[in-house]
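Colleague:
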Amino acid sequence: MGDNILEMRRITKTFPGVAALQDVSLAVARGEIHAICGENGAGKSTLMKVLSGVYPAGSYEGEILLDGKPVDFRGIRDSEGHGIVIIHQELALVPYLSIAENIFLGNERRGRSGLIDWNRTNADAAELLASVGLHENPVTPVVQLGVGKQQLVEIAKALSKRVKLLILDEPTAALNDLDSAHLLNLMRRLREQGITCIMISHKLNEITSIADSTTVLRDGRTVERLDMRAGEVTQDRIIRGMVGRDLDSFYPDRVSTPGEEVLRIEDWTVRHPTQDRLVVDGASLDVRAGEVVGIAGLMGAGRTELAMSVFGRSYGRDITGRLYMHGREVKARSVAEAIGNGIAYATEDRKRFGLNLIDNIRSNVSSAGLRKLARFGWVHDNEETRVAEASRRDMNIKAPSVMSVVGKLSGGNQQKVVLSKWLFTDPDVLILDEPTRGIDVGAKFEIYTIINRLVADGKAVIIISSELPELLGMCDRIYTLSAGRITGVVPVGEATQEKLMELMAKDKEPAR
Amino acid sequence: MTSTKPSSGAQTKPAESAPAAALHVGTSDPRALILNNLRQSGIFVALVVIVALFAFLTDGLSLSPGNITNIVLQYSYILVLAIGMVIVIIGGHIDLSVGSVVALTGAVSAVVVIRQGQPWWVGVLAAVAVGLAVGAWHGFWVAYVGIPAFIVTLAGMLLFRGLTLRVLDNISLSPFPAEYNKIAAGFLNGLIGGDGYDAFTLLIGAIAVAGYVVSCFRTRVARIRYQQPVESFALFVARMALVGAVVMWFAWQLAHARGLPIVLIILAALVLVYGLLTRRTVFGRQVYAIGGNLSAAMLSGVKVKTVNFWIFVNMGFLSAIAGIIFSSRSNGAQPAAGNMFELDAIAAAFIGGAAVTGGVGTVVGAMVGGLIMAVMSNGMQLMGVDQSLQSVVKGLVLLVAVAFDVYNKRRLGASR
């Protein structure tokens with residue numbers, strides 16, 4: 001294959017119980033832009049963490065060849081010493097330090113006395129900023145810059161480390177169109193200067209326009225390596241590689257009998273809480289009793305933000321649009337009002353937002369519906385125990401007693417506690433955000449069975465999931481979300497992963 | 001599960017009523033009981049050890065009737081503050097201002113009663129009103145403006161100390177009329193006679209024990225009715241007997257000194273009310289939820305701002321109670337009153353098992369923590385230990401207690 005700057009051979013990385021990477025190989029030619037794509041959870045980020053030494057040598061199997069020579073990285077500093085720099089999706093800048101201080105953080109420009117030479121620091125920073133096309137004073141605090149400019153500071157920081165191989169993880173996910181275009185141009189310029197780039201991206205249009213070659217990962221394995229230079233590889237071709245598998249058959253059967261409309265939103269628009277951009281842009285959707293509706297979207301598409309803004313405006317600002325429950329417009333201005341209107345939302349991050357990990361099952365189950373157990377503010381605690389016991393039995397929560405601390409339960413059992421908590425509020429519609437994330441297969445099946453039981457009882461369910469097979473296996477209809485807009489709604493009978501992926505990757509539609 | 005399962009052993013017979021069953025069912029696996037209550041029981045053990053240690057070091061002087069009465073009178077206001085403080089800490093906050101608020105409420109009361117000659121109860125009401133206002137002030141900034149309680153109450157500490165100086169015109173006011181002085185220095189004594197001891201104190205002690213036993217038994221019956229695990233009847237009886245003996249011995253000692261201190265009645269009522277408030281009310285539960293995981297509480301519909309506001313209003317109220325007790329006991333108001341009280345109250349809560357990160361802690365724990373501090377200070381005073389060394393010992397005890405808590409948490413985390 002000629003001159004490869006990097007070869008990763010037969011990399012296998014396992015976490016307890018899960019093989020994140022199996023025999024993955026990656027070859028990157030010198031001076032090219034190499035894209036890595038795959039669904040969420042395909043192993044892209046894990047592979048990059050192996051490469052950059054976040055997972056040190058010895059914690060994985062396989063070998064890494066840099067410039068043809070085997071290397072063992074023990075940490076990030078080690079890989080940076082070899083000219084490999086990774087820029088993560090969540091930027092790692094210190095907000096209240098200046099641009100120059102951030103660029104040289106941990107790599108300070110010092111004078112002969114050992115003190116920092118500020119003149120050289122700022123002068124060198126200015127030079128680096130010019131090379132990435134950022135016209136800002138190096139002493140400006142980073143917090144004053146937008147995300148796009150912060151991204152450029154990260155790249156300048158990478159250049160200061162004499163980078164040979166630059167890895168960008170979802171570089172444009174948080175950027176607007178203009179900043180994205182600017183960043184892609186910068187990547188082309190870096191390529192001309194001989195810097196090799198690896199780019200992880202969900203945005204297939206960007207990949208087809210900029211990448212020289214693409215490696216597709218699926219379920220922790222390399223599927224194929226595509227040469228993009230001839231321009232014959234289309235987005236559809238990449239999608240086929242990403243999803244090409246059969247729908248797993250472990251979704252329990254359900255007879256679908258949708259009834260009356262339960263929840264409907266119209267023209268729902270949400271602004272980012274701190275930045276000046278729309279996170280949800282004019283979204284409309286509805287769900288009926290006895291129906292499971294899915295929301296598919298790539299990372300950063302605004303799925304969680306949409307759900308949380310509907311759930312008592314718990315995310316975002318300047319929320320506009322109309323919310324109807326059972327055909328009547330309601331104003332759910334707080335979480336308590338949303339719960340009162342029969343909406344429940346189980347968060348995607350149950351540890352951070354869903355559970356009080358240091359408290360017991362009983363308190364967690366009752367926490368959202370505590371008033372139902374209380375008279376004049378006094379909690380009937382034996383009744384509370386009974387309710388929690390009933391949940392433990394119905395949901396098959398594996399714990400010695402309802403007084404067990406939730407933090408000690410497995411992920412699947414924690415998720416069942418979350419579901420119990422919301423079912424106790426007796427909602428009409430349940431919004432389940434990544435209901436099976438981080439849960440083993442057996443518990444997943446149990447969760448699916450519970451969802452089907454709820455729907456059979458006439459509840460409406462909205463599932464947000466990154467796993468398309470899950471949506472295809474569970475839902476009656478699937479909405480696709482891209483950059484905060486609903487780009488389509490597909491009945492499950494007509495839906496394929498390819499079709500959904502196409503809608504999910506669809507950019508803002510041109511003005512009609 | 002049905003309640004009519006055919007049982008082979010002596011577990012639960014189907015026809016039996018819960019009260020009857022309460023006399024013999026239950027398990028007493030001591031290992032499980034101790035492990036489940038390590039955090040709580042550890043603190044009780046520590047208290048017993050410290051009490052025994054000082055009884056030994058002072059030749060039993062620390063357990064004499066007169067000294068026990070003294071401990072109650074001397075530390076009751078710290079314990080009152082610790083009740084409010086543990087709730088603040090469970091909610092994930094801190095209150096550094098309580099010492100200043102004690103001074104301010106006492107000063108206002110003194111001005112109303114001593115300088116303006118109003119009856120004693122007007123002074124009490126004025127102090128409570130000021131305490132509530134201070135609490136609302138703190139609550140407003142913490143809950144609605146979103147400023148960390150550390151800053152708000154640090155500002156409050158300076159602010160209300162300054163206001164105290166203003167109110168008192170920089171001078172001490174004393175003495176209070178006898179009625180006011182009785183609140184903290186008074187005793188209920190000789191109401192029903194007794195020869196060389198106060199029978200009334202013993203009667204109140206007996207009523208307290210009887211009330212405790214009845215309520216524990218009712219809880220036990222209810223738990224059995226709801227098919228919850230309970231301890232064995234023998235263990236239950238042993239526990240009741242132990243608590244009863246301690247309370248009656250305590251009452252006996254008080255009866256042989258000056259009788260039942262009025263502050264003890266106030267304190268007991270507060271412990272009872274706030275013990276129930278934290279465990280059994282929606283408000284109390286929401287405080288734990290907020291401290292345990294703020295985001296999860298918010299997304300469960302808890303009105304976080306409202307709850308935080310009332311946490312501080314409550315702290316202000318209890319600071320006023322402590323201020324009244326302190327001014328009554330010192331029979332006047334001084335500009336420097338209540339200095340460092342906040343630190344004793346915070347220490348009591350943490351020694352009593354409250355977690356620095358919030359979400360964990362109990363009123364009873366804070367009381368035991370406060371008693372540990374009280375017994376230690378009192379014991380060292382009896383022994384004539386130098387003030388400087390007392391401070392060193394108290395500091396080390398606080399550090400060790402919290403280190404134990406952190407260690408405990410890590411151990412729990414590791415066993416996941």
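Protein chains in written order, with full-length UniProt numbering: chain C, 1 to 512; chain P, 1 to 416. Here a beta-carbon is modelled for each residue, glycine too, at the ideal position from N, C-alpha and C.
Please report the distance separating the alpha-carbon of D457 of chain C from that of S256 of chain C.
Modeller: Residue mapping note: residue 457 of chain C aligns to position 457 of the first sequence, counting from 1. Residue mapping note: residue 256 of chain C aligns to position 256 of the first sequence, counting from 1. Cα to Cα, the separation comes out at about 12 Å.
Colleague: Less than 8 Å between the CB atoms is what I'm expecting for K459 of chain C and L430 of chain C, so what's the real figure, rounded?
Modeller: Locating residue 459 of chain C in the first sequence gives position 459, counting from the first residue. Locating residue 430 of chain C in the first sequence gives position 430, counting from the first residue. Their Cβ separation, rounded to whole angstroms, is 6 Å, which keeps K459 of chain C and L430 of chain C in contact under 8 Å.
Colleague: Just to confirm, is the Cβ distance from G323 of chain P to G338 of chain P under 9 Å?
Modeller: The residue you call residue 323 of chain P lines up with position 323 of the second sequence. The residue you call residue 338 of chain P lines up with position 338 of the second sequence. Yes; because the gap between Cβ atoms is below 9 Å, this pair is in contact.
Colleague: For chain P, is any of its Cβ atoms less than 9 Å away from the one on L355 of chain C?
Modeller: Position 355 of the first sequence, counting from 1, holds the residue named residue 355 of chain C. Yes, L355 of chain C lies at the interface with chain P (some Cβ there is under 9 Å from its Cβ).
Colleague: Mind checking the stretch 291-320 of chain P against chain C and listing, in chain order, the residues whose C-beta falls within less than 9 Å of any C-beta there?
Modeller: Per Cβ criterion, the list reads G291, G292, N293, S295, A296, A297, M298, L299, S300, G301, V302 and K303.
Colleague: Y345 of chain C touches chain P at which residues, Cβ-Cβ below 8 Å?
Modeller: In the first sequence, counting from the first residue as 1, residue 345 of chain C sits at position 345. Those within 8 Å of Y345 of chain C in chain P are L299.
Colleague: Let me confirm a value: D246 of chain C is counted as buried when at least 16 other C-beta atoms fall within 10 Å, else exposed. Which label applies?
Modeller: Position 246 of the first sequence, counted from the first residue, corresponds to residue 246 of chain C. Any reading at D246 of chain C needs caution, since the residue's pLDDT is 46, under 50, leaving its predicted position unreliable; the model's value is listed next. Burial call: exposed.
Colleague: Could you tell me which whole alpha helix (DSSP H) segments of length 4 or greater appear in the stretch 328-388 of chain C?
Modeller: For the stretch 328-388 of chain C, whole alpha helix (DSSP H) runs of length 4 or above, ordered along the chain, are 335-340 and 361-366.
Colleague: Roughly how many angstroms separate the alpha carbons of R333 of chain C and R313 of chain C, rounded to a whole number?
Modeller: Translated into positions along the first sequence, residue 333 of chain C becomes position 333. Translated into positions along the first sequence, residue 313 of chain C becomes position 313. Approximately 6 Å between the Cα atoms of the pair.
Colleague: If you draw a straight line from the C-alpha of V360 of chain P to the C-alpha of K182 of chain P, how long is it?
Modeller: Taking the first residue of the second sequence as 1, we reach residue 360 of chain P at position 360. Taking the first residue of the second sequence as 1, we reach residue 182 of chain P at position 182. Each residue's Cα considered, the two are about 36 Å apart.
Colleague: CB-CB under 7 Å to T140 of chain C, same chain, minus the five flanking residues each way: which ones, in chain order?
Modeller: If you number the first sequence from 1, residue 140 of chain C lands on position 140. Same-chain partners within the cutoff: S98 and I99.
Colleague: Judging by CA-CA distance, which residue of P:V282, P:I87, P:V375 and P:G106 is the nearest neighbour of A127 of chain P?
Modeller: In the second sequence, the residue the question calls residue 127 of chain P occupies position 127. Among P:V282, P:I87, P:V375 and P:G106, the Cα nearest to that of A127 of chain P belongs to P:G106.
Colleague: Does DSSP classify V72 of chain P as helix, strand or coil?
Modeller: Residue mapping note: residue 72 of chain P aligns to position 72 of the second sequence, counting from 1. Residue state, collapsed to three classes: helix.
Colleague: Distance, Cα to Cα, Q334 of chain P vs L235 of chain P?
Modeller: Counted from its first residue, the second sequence places residue 334 of chain P at position 334. Counted from its first residue, the second sequence places residue 235 of chain P at position 235. So the alpha carbons of these two residues sit roughly 50 Å apart.
Colleague: Around the C-beta of Y288 of chain P, are 16 or more other C-beta atoms found within 10 angstroms, so that it is buried, or is it exposed?
Modeller: Here residue 288 of chain P is taken as the residue at index 288 of the second sequence, counted from 1. The residue is buried, with at least 16 neighbouring Cβ atoms inside 10 Å.
Colleague: Go through its chain and collect everything with a Cβ distance to G379 of chain P's Cβ below 7 Å, but skip five positions before and after it.
Modeller: For the purposes of this step, residue 379 of chain P is taken as the residue at position 379 of the second sequence. Closer than 7 Å at Cβ, skipping near neighbours: F54, L57, T58 and S62.
Colleague: Kindly confirm or deny that the stretch 146-161 of chain C and the stretch 59-76 of chain C touch, where touching means at least three C-beta pairs closer than 8 Å.
Modeller: Not touching, per the Cβ criterion.
Colleague: Who does N4 of chain C pair with in a DSSP beta bridge?
Modeller: Indexing the first sequence from 1 puts residue 4 of chain C at position 4. N4 of chain C is bridged to C:A29.
Colleague: F250 of chain P to N189 of chain P, Cα distance in whole Å?
Modeller: Sequence index remark: in the second sequence, residue 250 of chain P carries index 250 (1-based). Sequence index remark: in the second sequence, residue 189 of chain P carries index 189 (1-based). Using only the alpha carbons, I get a separation of about 15 Å.
Colleague: Kindly indicate if chain C contains any beta-carbon less than 9 Å away from that of T4 of chain P.
Modeller: In the second sequence, residue 4 of chain P corresponds to position 4, counting from 1. Per-residue confidence for T4 of chain P stands at a pLDDT of 39, beneath the threshold of 50, marking its modelled position as unreliable; the derived number appears in the next sentence. Not an interface residue.
Colleague: Taking the alpha carbon of E192 of chain C as the reference point, which residue from C:H202, C:L204, C:T208 and C:D212 has its own alpha carbon closest?
Modeller: Counting from 1 along the first sequence, the entry for residue 192 of chain C is found at position 192. The shortest C-alpha separation from E192 of chain C is found at C:D212.
Colleague: Could you pull the DSSP bridge partners for W268 of chain C from this structure?
Modeller: Position 268 of the first sequence, counting from 1, holds the residue named residue 268 of chain C. Looking at the DSSP assignment, W268 of chain C forms a beta bridge with C:A283.
Colleague: For C197 of chain C, write down the residues that DSSP places opposite it in a beta bridge.
Modeller: As a first step, residue 197 of chain C must be located in the first sequence, where it is residue number 197. Looking at the DSSP assignment, C197 of chain C forms a beta bridge with C:I33 and C:L166.
Colleague: Are the CB atoms of I339 of chain C and M325 of chain C within a distance shorter than 9 Å?
Modeller: As a first step, residue 325 of chain C is located in the first sequence; it is residue number 325 there, counting from the start. As a first step, residue 339 of chain C is located in the first sequence; it is residue number 339 there, counting from the start. Their beta carbons are not under 9 Å apart, which means M325 of chain C does not touch I339 of chain C by this criterion.
Colleague: Residue range of the beta strand (DSSP E) that S100 of chain P falls in?
Modeller: Position 100 of the second sequence holds residue 100 of chain P. No beta strand (DSSP E) holds S100 of chain P; the alpha helix (DSSP H) holding it covers V98 to A110.
Colleague: Answer yes or no: does any C-beta atom of chain C fall closer than 9 Å to that of P229 of chain P?
Modeller: Here residue 229 of chain P corresponds to residue number 229 of the second sequence, with the count starting at 1. Yes - at least one Cβ of chain C is within 9 Å of the one on P229 of chain P.
Colleague: Give the secondary structure of P258 of chain C by DSSP, where H, G and I count as helix, E and B as strand, and everything else as coil.
Modeller: Position 258 of the first sequence holds residue 258 of chain C. Coil, per DSSP.
Colleague: Looking only at C-alpha atoms, which of C:V262, C:Q275 and C:S284 sits nearest to T269 of chain C?
Modeller: In the first sequence, residue 269 of chain C corresponds to position 269, counting from 1. With distances taken between Cα atoms, T269 of chain C lies closest to C:S284.
Colleague: Using a threshold of 9 Å, state whether the C-beta atoms of V282 of chain P and R288 of chain C are closer than that.
Modeller: Within the second sequence, the letter at position 282 stands for residue 282 of chain P. Within the first sequence, the letter at position 288 stands for residue 288 of chain C. Going by C-beta atoms, V282 of chain P is not nearer than 9 Å to R288 of chain C.
Colleague: Considering only C-alpha positions, which residue in the set P:A355, P:S391, P:V368 and P:V392 is nearest to Y407 of chain P?
Modeller: Counted from its first residue, the second sequence places residue 407 of chain P at position 407. Minimum Cα distance to Y407 of chain P is reached at P:A355.
Colleague: Show which residues of chain C have a CB atom less than 8 Å away from the CB atom of A289 of chain P.
Modeller: Within the second sequence, the letter at position 289 stands for residue 289 of chain P. Residues of chain C passing the Cβ test: N356, D359, S363 and S367.
Colleague: Could you please give the first and the last residue of the uninterrupted alpha helix (DSSP H) stretch that includes P469 of chain C?
Modeller: Taking the first sequence and counting its residues from 1, the one referred to as residue 469 of chain C is at position 469. P469 of chain C -> alpha helix (DSSP H) spans L468 to M474.
Colleague: Do we get a CB-CB distance below 9 Å when we pair F283 of chain P with the residues of chain C?
Modeller: Working through the second sequence from its first residue, we reach residue 283 of chain P at position 283. Judged by the 9 Å Cβ criterion, F283 of chain P is in contact with chain C.
Colleague: Residues in its own chain within less than 7 Å of K506 of chain C by CB, not counting five upstream and five downstream?
Modeller: Stepping through the first sequence from its first residue, residue 506 of chain C is reached at position 506. These residues qualify, in order along the chain: S482 and T487.
Colleague: Considering Y212 of chain P, what are the terminal residues of the alpha helix (DSSP H) in which it resides?
Modeller: By one-based count along the second sequence, residue 212 of chain P stands at place 212. Run containing Y212 of chain P: A199 to R225, per the alpha helix (DSSP H) assignment.
Colleague: Name the chain C residues whose beta carbon is nearer than 9 Å to that of R223 of chain P?
Modeller: By 1-based counting over the second sequence, the position of residue 223 of chain P is 223. Ordered by position in chain C, the residues that pass the 9 Å Cβ test against R223 of chain P are N382 and T385.
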